[in-house]
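Counting in the numbering used here, the sequence shown runs from 851 upward without gaps. Virtual Cβ for every residue (Gly too), placed ideally from N, Cα, C. These notes are about the structure you will find just below.
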Amino acid sequence: MQTLLANILLALVWGAAGFWLRRNTKLTVVEVSALLALTAGLVLPGLFASGGLFALTCTAVSYAAMCSLERCCSYKEILTISALCAVIIYAGQGILVGIGGRLGTSAAVAVLLYSGGKSLLRGAKAQG
């Protein structure tokens with residue numbers, strides 16, 4: 851349970867950093883993602899016993915942070931997406947190991963789950 855909570859906490863930090871970098875620097879979304887993924891891969895494995903998992907999660911979060919500003923336009927939204935991404939990576943850490951595209955797919959699923967939930971809530975409010 852501690853690993854899951856630490857995973858979520860780091861995902862929140864990485865997601866907020868990605869959102870801030872996108873809005874406050876001249877870096878492209880790809881450059882922001884690359885910077886976050888590189889930092890995660892170089893720093894986290896040496897700092898924590900579960901650093902490899904944390905690096906995977908933060909890399910996936912860096913991919914999720916590349917979503918359009920129309921889809922994710924606030925810190926609340928990127929933090930929700932980041933937490934979803936952390937849970938997906940944690941829950942699926944033994945699935946499809948060694949298969950390419952797992953991190954990007956996890957990031958896409960997190961963004962789509964958030965966007966779908968947001969659309970459903972918006973539709974329910976419009977009807978009610």
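Heavy atom of the ligand NAD within 7 Å of residue i beta-carbon
i	result
Q977	The model on display carries no ligand, and the ligand NAD is accordingly not part of it.
Cβ pair residue i, residue j closer than 8 Å
i	j	result
T853	S912	no
T875	G891	no
V863	M916	no
I939	S956	yes
F904	A856	yes
A861	T907	yes
V947	A914	no
Span of the alpha helix (DSSP H), counted from its first residue to its last, around residue i
i	result
L859	852-874
T878	Neither: T878 is in no alpha helix (DSSP H) and is coded neither H nor E.
A976	952-977
Secondary structure of residue i, DSSP reduced to three states
i	result
I931	helix
R921	coil
F904	helix
V947	coil
> Quick check: the segment 927-934 against the segment 969-976, are there 3 or more CB pairs under 8 Å?
Replying inline: Contact between the segment 927-934 and the segment 969-976 is not established, with fewer than three Cβ pairs separated by less than 8 Å.
> Counting Cβ pairs closer than 8 Å, one from the segment 862-874 and one from the segment 883-898, do we hit at least three?
Replying inline: Yes, since at least three Cβ pairs between the segment 862-874 and the segment 883-898 fall closer than 8 Å, the two stretches touch.
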